[in-house]
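Protein chains: 2
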Amino acid sequence: MNRIDTQLAPDTKERILDAAEVLFMEQGFEATSLRMITARAGVNLAAVNYHFGSKEDLIKTVFSRRLGPLNAERLAMLDRLEASARGRPLDPTQILEAFLSAGVRLARDPARRGGAFLRLLGRAFAEPSGYVREFMPDQYEAVVARYKAALAKALPHVPDRELVWRLHFIFGAIAYTLGGTDVLKLACRYPLEDEANNPEAVVRHLLPFLVGGLTAPLPDASGVRKSRSARSKQG
Amino acid sequence: MNRIDTQLAPDTKERILDAAEVLFMEQGFEATSLRMITARAGVNLAAVNYHFGSKEDLIKTVFSRRLGPLNAERLAMLDRLEASARGRPLDPTQILEAFLSAGVRLARDPARRGGAFLRLLGRAFAEPSGYVREFMPDQYEAVVARYKAALAKALPHVPDRELVWRLHFIFGAIAYTLGGTDVLKLACRYPLEDEANNPEAVVRHLLPFLVGGLTAPLPDASGVRKSRSARSKQG
DNA sequence: GTCTATACCACGATAGAC
DNA sequence: GTCTATCGTGGTATAGAC
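Chains A and B, in that order, give the protein sequences. Once you know that position 40 of the first sequence is 46 in the numbering used here, the rest is easy, because the numbers rise by one and skip nothing. Once you know that position 113 of the second sequence is 119 in the numbering used here, the rest is easy, because the numbers rise by one and skip nothing.
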């Protein structure tokens with residue numbers, strides 16, 4: 007009856023989503039059982055299957071609930087930039103910063119537990135076979151198309167194929183870094199903790215790197231030319 | 007008795023490792039059950055626990071069996087380069103090419119099913135909590151230290167902290183790309199299949215990007231300077 | 001429509017016989 | 001070293017209460 011009631015006690019579906027999100031972030035997908043989720047949400051085990059059909063579909067819903075607004079914000083950021091540019095090409099730094107800044111805002115929003123979600127997102131890209139491959143394209147297609155077009159206009163000398171490659175590399179670096187997988191903390195033991203937990207600091211370091219890669223000299227068109235570095239191999 | 011016997015029919019331990027590797031590559035860790043592995047290997051279910059202790063330890067062993075030689079080759083490549091340079095700094099392109107080429111050789115070796123293994127490796131980095139975090143540092147520490155030192159010498163103007171950041175980004179891009187996670191095939195639908203399955207082609211595109219990022223202008227030292235792109239935020 | 005109780009089969013792990 | 005039997009827990013399916 008009372009509207010406030012629905013705010014204080016969200017319905018079963020959303021309580022499951024909230025509980026699942028937190029647990030997925032803390033422990034990963036596989037380590038989180040439906041029994042943990044339903045216990046935390048205070049609902050019956052079978053409620054997951056009733057509302058979402060399966061654990062996989064629950065995972066998908068957890069993602070799309072955050073990815074929708076995040077990517078919408080990314081599109082809005084680009085709209086704003088392009089409107090103020092009035093048809094002139096944008097700067098690559100501007101474009102990438104627009105893309106990253108939406109993630110930064112999410113990461114800094116404690117109410118949305120955004121930092122943990124970005125970490126989840128980073129993981130999801132590396133998921134072997136299954137959930138992710140099915141719905142990630144739908145979530146990202148529009149964003150990638152718009153940003154790719156903006157970058158193509160900003161970098162007219164970069165062929166389309168090469169731009170796709172570099173977008174690929176950029177996605178990898180972003181997913182690993184903003185995603186907080188902390189490859190270096192894994193692979194070696196160099197401490198960047200203080201800065202690495204500060205999203206703005208991450209972007210400050212990441213942005214010049216990405217732009218440097220994006221605007222790098224183009225590779226040779228055919229085969230690897232043994233010009234300088236590969237000389238010694240041939241004897 | 008006969009030595010040939012042991013070659014034709016490897017012992018239980020190795021048959022499990024071979025079967026596990028293939029199945030992990032095809033389906034991921036969690037989707038692969040011990041019962042599938044032991045069935046394929048033609049051994050009893052309990053043999054896995056007897057020889058490896060647990061599924062996690064089996065996964066670790068599958069990795070270290072390949073990572074050991076791979077990283078040893080990376081170190082040997084760097085040794086060779088530095089020997090022929092006789093104390094002079096190397097070129098960043100040379101250094102990164104040495105690192106990547108070992109992976110390329112592995113990927114091209116059908117007998118070792120290297121391509122699939124690199125895909126496994128890429129996934130492993132994104133694994134949330136568990137197996138990987140424990141043994142990856144040991145596997146990579148020496149390699150990262152040596153390559154980092156070589157790059158520091160090659161790029162004396164890049165501060166140590168910034169170099170660590172850029173190594174971080176480079177690892178991300180490599181893991182995603184050489185690992186074949188195919189972010190772009192996931193995130194949008196741009197076809198690079200023909201080239202993406204050719205390791206040399208991947209490196210040809212990847213190398214200029216990484217060097218471009220590595221040698222990019224340094225970020226501002228303190229805070230994000232609102233120089234150009236972030237101007238509109240502050241009004 | 002929404003929720004609950006409960007049963008089902010596959011999983012990883014282990015103990016103990018051989 | 002290898003096997004069988006068994007345990008606790010996982011995701012899932014369904015019958016039936018509200």
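Beta carbons are placed, not taken as given, at the ideal position from N, Cα and C, and that holds for glycine.
Given that residue i touches chain B, what residues does it touch there, using C-beta distances under 9 angstroms?
| i | result |
| --- | --- |
| A/P95 | Per Cβ cutoff of 9 angstroms: no residues; A/P95 is ~14 angstroms from chain B at best. |
| A/A45 | Going along chain B, no residue has its Cβ under 9 angstroms from A/A45, so there is no contact; the nearest lies around 20 angstroms. |
| A/V217 | G218, G219, A222 and P223 |
Can you say whether residue i is buried or exposed, counting buried as having 16 or more other CB atoms within 10 angstroms of its CB?
| i | result |
| --- | --- |
| B/A89 | exposed |
| A/E140 | exposed |
| A/P116 | exposed |
| A/L64 | buried |
| A/E168 | buried |
| B/A156 | buried |
| B/P16 | exposed |
| B/E103 | buried |
| B/A78 | exposed |
| B/A227 | exposed |
| A/E27 | buried |
| A/G218 | buried |
| B/Y153 | buried |
| A/R72 | buried |
| A/R1 | Look at the range of chain A in this structure, 7 to 241, and you will see that residue 1 of chain A is not part of it. |
| B/S107 | buried |
| B/R210 | buried |
Within 7 angstroms of any Cβ in chain A, is that where the Cβ of residue i sits?
| i | result |
| --- | --- |
| B/Y153 | no |
| B/E27 | no |
| B/R72 | no |
| B/F175 | yes |
| B/P214 | yes |
| B/G48 | no |
| B/Q13 | Low confidence applies to B/Q13: its pLDDT is 48, below 50, so where it sits in the model is not reliable, and the reading given next is rough at best. With 7 angstroms as the cut-off, B/Q13 does not count as an interface residue toward chain A. |
| B/R237 | Low confidence applies to B/R237: its pLDDT is 40, below 50, so where it sits in the model is not reliable, and the reading given next is rough at best. Not one chain A Cβ lies under 7 angstroms of B/R237. |
Just to make sure I have the definition right: I need the residues of chain B whose C-beta is within less than 8 angstroms of the C-beta of residue i. Which are they?
| i | result |
| --- | --- |
| A/D226 | R210 |
| A/I162 | The sequence shown places Pro at residue 162 of chain A, rather than the Ile named in the question. Those do not exist, as A/P162 stays about 17 angstroms from chain B at its closest Cβ, beyond 8 angstroms. |
| A/E168 | H211 |
With 7 angstroms set as the bound, which would you pick, yes or no: does the beta-carbon of residue i sit closer than that to a beta-carbon of chain B?
| i | result |
| --- | --- |
| A/G109 | no |
| A/R172 | yes |
| A/E36 | yes |
| A/R41 | no |
Which chain A residues are close to residue i, counting only those with a beta carbon under 8 angstroms from its beta carbon?
| i | result |
| --- | --- |
| B/G178 | G178, A179, I180, A181, Y182, T183, T187 and V189 |
Along chain A, which residues have their Cβ under 9 angstroms away from the Cβ of residue i?
| i | result |
| --- | --- |
| B/E88 | The premise fails here: B/E88 is roughly 12 angstroms from chain A at the closest Cβ pair, so nothing lies under 9 angstroms. |
Chain A partners of residue i, CB-CB under 7 angstroms?
| i | result |
| --- | --- |
| B/E62 | Going along chain A, no residue has its Cβ under 7 angstroms from B/E62, so there is no contact; the nearest lies around 12 angstroms. |
Quick one: which unbroken alpha helix (DSSP H) runs of 4-plus residues sit fully inside the region 97-135 of chain A? Chain order, please. 98-114 and 120-132
Contained alpha helix (DSSP H) runs [length at least 4] in the region 12-98 of chain A, N- to C-terminal order: 18-33, 40-47, 52-58 and 61-91
Every unbroken alpha helix (DSSP H) within the region 136-186 of chain A, with a cutoff of 4 residues, ordered by chain: 137-160 and 166-183
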